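Protein chains in written order, with our numbering: chain A, 1 to 231; chain B, 232 to 426.
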């Protein structure tokens with residue numbers, strides 16, 4: 001039986017973070033109502049390999065040609081809070097291209113669209129919780145939050161895990177980004193240890209010679225094994 | 232303890248990754264949960280996601296999770312689940328320029344509650360959006376359910392706020408349409424749960 005301690009959510013940022021202006025009108029102000037975890041919360045959508053098509057995990061091979069930019073491998077494990085792998089769970093990603101431009105119609109940043117790069121991928125974890133994507137390193141891009149605001153390079157991740165309580169949407173950052181200290185989205189997570197869990201690490205061991213740098217990003221989802229009561 | 236990976240906003244550009252209907256990427260989720268083998272009353276749920284200024288939010292992502300018409304969840308933690316049923320009970324919808332979303336589904340049955348009791352039929356809902364660093368969780372209940380009165384979760388909600396959780400039943404061309412707006416903030420702010 002998996003349990004989902006509430007304390008685990010202390011790693012999450014607050015609903016309102018003044019530095020990220022759009023949170024001001026999009027955050028609940030009344031107290032959240034505490035409820036027990038019933039079957040409705042302890043269950044949840046379960047999606048895995050059956051939802052993934054061949055090639056979905058390689059964002060550099062979805063078009064006629066190869067995208068421009070620095071080819072990278074992004075891989076890691078999806079784990080629960082006990083460090084146990086979460087197998088056969090869907091991982092969805094989306095990102096900007098190497099120039100920092102999203103293919104999204106709303107993105108008007110005057111950087112080039114890459115006709116060979118959509119920037120969307122999905123895969124499912126294996127029995128050990130491992131996943132792997134091949135993509136290009138996304139560029140930083142400007143946004144309107146404050147004067148001269150730029151987002152650090154990042155890849156968006158979406159995961160389901162084992163129940164509706166483990167649902168997670170997050171962003172993976174790259175190590176040593178000089179924009180970290182100016183970014184209120186990254187900065188909304190104030191605990192340095194929790195913050196570090198959003199940053200991938202350069203992985204020489206899995207870097208493919210003459211082909212691509214590797215970055216490792218392990219993701220820890222909410223949930224742990226029920227500990228027997230002590231008497 | 233290692234600690235979990237923090238949440239970050241879904242941002243404004245999630246569509247081509249999570250709801251790529253207008254993009255060159257295959258789509259695996261939709262707002263239609265109905266499968267050929269799903270028994271029960273077909274219903275539509277629609278509403279808007281609204282910010283603290285009363286404006287519809289055009290870049291929200293809404294997800295729902297529900298039981299089948301017999302109140303069973305398609306999940307291993309529900310021992311009554313039907314392993315071969317194609318009804319999964321999960322739907323995903325992006326809001327349009329007015330902040331509107333909709334789902335085509337079937338009305339769920341009553342599901343087991345705490346301490347051996349029952350819960351009134353309901354659907355779990357998660358809302359993500361640009362400007363939200365973490366998602367919110369709420370529940371959709373149905374206005375035509377007498378069981379709401381005895382629901383153990385609704386009982387935990389201050390009486391004057393319960394109406395924010397109850398979708399109003401209407402009729403459109405003979406189909407049941409429930410309206411459920413999500414107000415993130417301000418007058419009539421939807422009840423969100425701390426889970």
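Quick reminder that beta carbons are idealized off the backbone N, C-alpha and C, glycines included. Small disclaimer: the values here were computed from a predicted structure and weren't measured.
Sort B:302, B:321 and B:402 by Cα distance to residue 313 (chain B) and report the nearest one.
Here residue 313 (chain B) refers to the residue found at position 82 of the second chain. Nearest of B:302, B:321 and B:402 to residue 313 (chain B), Cα basis: B:302.
Length of the line joining the Cα atoms of residue 26 (chain A) and residue 20 (chain A):
Residue numbering aside, residue 26 (chain A) sits at position 26 when the first chain is read from its first letter. Residue numbering aside, residue 20 (chain A) sits at position 20 when the first chain is read from its first letter. Between residue 26 (chain A) and residue 20 (chain A), the C-alpha separation is close to 11 Å.
For residue 234 (chain A), report the span of its alpha helix (DSSP H) as first-last.
What the structure shows of chain A is the stretch from 1 to 231, and residue 234 (chain A) is not part of that stretch, so it cannot be assessed.
Rounded to a whole number of angstroms, what is the C-alpha to C-alpha distance between residue 139 (chain A) and residue 101 (chain A)?
Start at 1 with the first residue of the first chain, and residue 139 (chain A) comes out as number 139. Start at 1 with the first residue of the first chain, and residue 101 (chain A) comes out as number 101. If you take the alpha carbons of residue 139 (chain A) and residue 101 (chain A), they lie about 7 Å apart.
Members of the segment 242-271 of chain B near chain A, C-beta cut-off 9 Å
242, 243, 244, 245, 246, 247, 248, 249, 251, 253, 254, 255, 256, 257, 259 and 260
Measuring CB to CB, does residue 269 (chain B) end up less than 8 Å from residue 299 (chain B)?
In the second chain, the residue the question calls residue 269 (chain B) occupies position 38. In the second chain, the residue the question calls residue 299 (chain B) occupies position 68. Yes, the pair counts as a contact, with Cβ atoms nearer than the cut-off.
Residues in its own chain within less than 7 Å of residue 358 (chain B) by CB, not counting five upstream and five downstream?
Reading the second chain from its first residue, position 127 is the one you call residue 358 (chain B). Result list for residue 358 (chain B): 280, 291, 293, 366, 367 and 413, in chain order.
Which residues bound the alpha helix (DSSP H) around residue 41 (chain A)?
Translated into positions along the first chain, residue 41 (chain A) becomes position 41. Residues 39-42.
Put residue 247 (chain B) into one of helix, strand or coil per three-state DSSP.
Here residue 247 (chain B) refers to the residue found at position 16 of the second chain. Correct three-state label for residue 247 (chain B): helix.
In terms of alpha-carbon separation, which member of B:318, B:341 and B:326 lies closest to residue 252 (chain B)?
Looking up residue 252 (chain B) in the second chain gives position 21. The option with the nearest alpha carbon to residue 252 (chain B) is B:326.
Are the CB atoms of residue 322 (chain B) and residue 295 (chain B) nearer to each other than 8 Å?
One-based indexing of the second chain puts residue 322 (chain B) at position 91. One-based indexing of the second chain puts residue 295 (chain B) at position 64. In this structure, residue 322 (chain B) lies near residue 295 (chain B), with their beta-carbon atoms less than 8 Å apart.
Who are residue 1 (chain A)'s beta bridge partners in DSSP?
By 1-based counting over the first chain, the position of residue 1 (chain A) is 1. DSSP output for residue 1 (chain A) lists no bridge partner at all.
Closer than 9 Å between beta carbons: that is the criterion. Which residues of the segment 375-409 of chain B meet it against chain A?
383, 384, 387, 388, 389 and 392
For residue 314 (chain B), the first and last residue of its enclosing beta strand (DSSP E)
To locate residue 314 (chain B), count along the second chain from 1; it is residue 83. No beta strand (DSSP E) holds residue 314 (chain B); DSSP gives it neither H nor E.
Can residue 44 (chain A) and residue 160 (chain A) be called in contact, C-beta distance under 8 Å?
Looking up residue 44 (chain A) in the first chain gives position 44. Looking up residue 160 (chain A) in the first chain gives position 160. Taking 8 Å as the Cβ cut-off, residue 44 (chain A) and residue 160 (chain A) qualify as a contacting pair.
Using a cut-off of 7 Å between C-beta atoms, extract the partners of residue 144 (chain A) located in chain B.
Mapped onto the first chain, residue 144 (chain A) falls at position 144. Ordered by position in chain B, no residue passes the 7 Å Cβ test against residue 144 (chain A), which lies about 11 Å from the chain.
Does the count of Cβ pairs from the segment 196-216 of chain A and the segment 85-93 of chain A closer than 8 Å reach three?
no
At a Cβ threshold of 8 Å, is residue 418 (chain B) touching chain C?
This model lacks chain C altogether, as its protein chains are A and B.
Hey, is residue 53 (chain A)'s beta-carbon within less than 8 Å of any beta-carbon in chain B?
As a position in the first chain, residue 53 (chain A) is number 53, starting the count at 1. By this cut-off, residue 53 (chain A) is an interface position.
Kindly indicate if chain B contains any beta-carbon less than 8 Å away from that of residue 14 (chain A).
Along the first chain, one-based indexing puts residue 14 (chain A) at 14. Output row for residue 14 (chain A): interface = yes.
Give, in chain order, every residue of the segment 311-335 of chain B whose Cβ lies closer than 8 Å to some Cβ of chain A.
319, 320 and 321
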